[in-house]
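Under the numbering used here, read the sequence shown as residues 166 to 468, first letter to last.
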Amino acid sequence: MNRDRYDKKGLSHTHCGVVELEQDQLPLQYLLDQLLEDALSDRNFKLPMLPAVVARLMELANDPNVSFEEVEKAISSDAVMAGKILAVANSAYFSRGIPITSLRSAISRLGLVQVRDIAFRVALETKVFKNPTYESFMQRERKHAIGAAMICRKVCEMVGLEQDLAFLCGLLHDVGNAVAASLLVASRKDRNEKLPAPERLMEALAPVHADYGSRIIHHWKLPLTIEMAVGLHHGYETREGPHQMALAVAVADLACRHAGIGRKRAEVEPLKHKEFFDLNLSVEQAQDVIAFAEEVASSDVLE
Numbered sequence: 166m167n168r169d170r171y172d173k174k175g176l177s178h179t180h181c182g183v184v185e186l187e188q189d190q191l192p193l194q195y196l197l198d199q200l201l202e203d204a205l206s207d208r209n210f211k212l213p214m215l216p217a218v219v220a221r222l223m224e225l226a227n228d229p230n231v232s233f234e235e236v237e238k239a240i241s242s243d244a245v246m247a248g249k250i251l252a253v254a255n256s257a258y259f260s261r262g263i264p265i266t267s268l269r270s271a272i273s274r275l276g277l278v279q280v281r282d283i284a285f286r287v288a289l290e291t292k293v294f295k296n297p298t299y300e301s302f303m304q305r306e307r308k309h310a311i312g313a314a315m316i317c318r319k320v321c322e323m324v325g326l327e328q329d330l331a332f333l334c335g336l337l338h339d340v341g342n343a344v345a346a347s348l349l350v351a352s353r354k355d356r357n358e359k360l361p362a363p364e365r366l367m368e369a370l371a372p373v374h375a376d377y378g379s380r381i382i383h384h385w386k387l388p389l390t391i392e393m394a395v396g397l398h399h400g401y402e403t404r405e406g407p408h409q410m411a412l413a414v415a416v417a418d419l420a421c422r423h424a425g426i427g428r429k430r431a432e433v434e435p436l437k438h439k440e441f442f443d444l445n446l447s448v449e450q451a452q453d454v455i456a457f458a459e460e461v462a463s464s465d466v467l468e
């Protein structure tokens, strides 16, 4: 267990900086630390693994010469995944009212990167954001992840950042919360111990979820850009300056909170948040981000 993150004053040293912890949070954080360490080491508990089709789509998305046939074959290898990808692709948000009746038409209309992103979303919904014990908590995390993904891609488009991994960075930015919750449930499966309320769990995870997330991303062997964006989205300064993708995720996270996407609604005024300016968003662009978040919140893309 990585106990050296905690000093004698109960401070947690993570990607997020130094955060003072309440004393009654420490035992739960120690437990969560141990569970994650065990899972990463494949002891006692296992991390949820991404389906093979998702890993294959990651490879294909990096191949400039990939064919529709190869992508269709990869997705078709998992019938359940294929069906769910088509279901998401046919939501009003993606289909724009024109039915998508086959994988080939989904790939043609949406493009490989967007199909890969939808596959990741489906994988997380079935493998990570699914736990009946913390059902409402997981549903909030799921909606927050999808909302942040949509907004992060929009933000990157606005400021000219590489959009290829933007959706995945937003989608995975708080994955540490959901995985930690599932590991906690698994650890008490055969013991009659009361689980902490979701609010209590979130308080304990607040200082460490970004660090947990980056380690999970590393374990899944996803690109370093995603690992760093997830790990740094609450503390994006590096020796080379702000990590731009982590900053885009931070802005998306704020916009989600403003629109109440998976989090308690809290009005965000861009002029009062340096993240918008550190990303070189104009006042108009910042307002457009907030407006887009409201659009996402009211659409069917979160369902």
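By construction, the Cβ of each residue, glycine as well, lies at the ideal position given by its N, Cα and C atoms.
Since this is a predicted model, take the numbers as computed values, not measurements.
Annotated three-state conformation of THR403 is strand, per DSSP. Where ASN357 is concerned, there is no enclosing alpha helix (DSSP H), because DSSP gives it neither an H nor an E. Under the three-state reduction of DSSP, ALA431 is assigned to coil, being neither helix nor strand.
In the three-state DSSP reduction, ALA313 falls in the helix class (H, G or I). Judged by DSSP in its simplified three-state form, HIS338 adopts coil rather than helix or strand. Burial state of LEU389 is exposed, judged by a 10 Å Cβ sphere holding fewer than 16 other Cβ atoms.
Here the segment 372–391 does not lie against the segment 244–264, with fewer than 3 beta-carbon pairs under 8 Å apart. Look at VAL373 here: in three-state DSSP terms it is coil, with no helix or strand label. Straight through space, the alpha carbons of GLN328 and LYS429 are spaced by roughly 28 Å. Around the beta carbon of ALA394, 16 or more other beta carbons lie within 10 angstroms, which makes this residue buried. Collapsing the DSSP output to three states places PHE294 in coil.
The C-alpha of ALA420 is placed about 9 Å away from the C-alpha of GLU432. Sorting VAL218, GLU202, GLY325, HIS338 by C-alpha distance to the C-alpha of LYS211 places GLU202 at the top. In this structure LEU251 does not touch ALA239 by the C-beta definition: roughly 14 Å separates them, more than the 8 Å allowed. At the C-beta level, VAL320 and LEU397 stay beyond 9 Å of one another. Residues of the same chain with a CB within less than 6 Å of the CB of ALA411, apart from the 5 flanking positions on each side, are ALA394, LEU397, HIS398, TYR401 in chain order.
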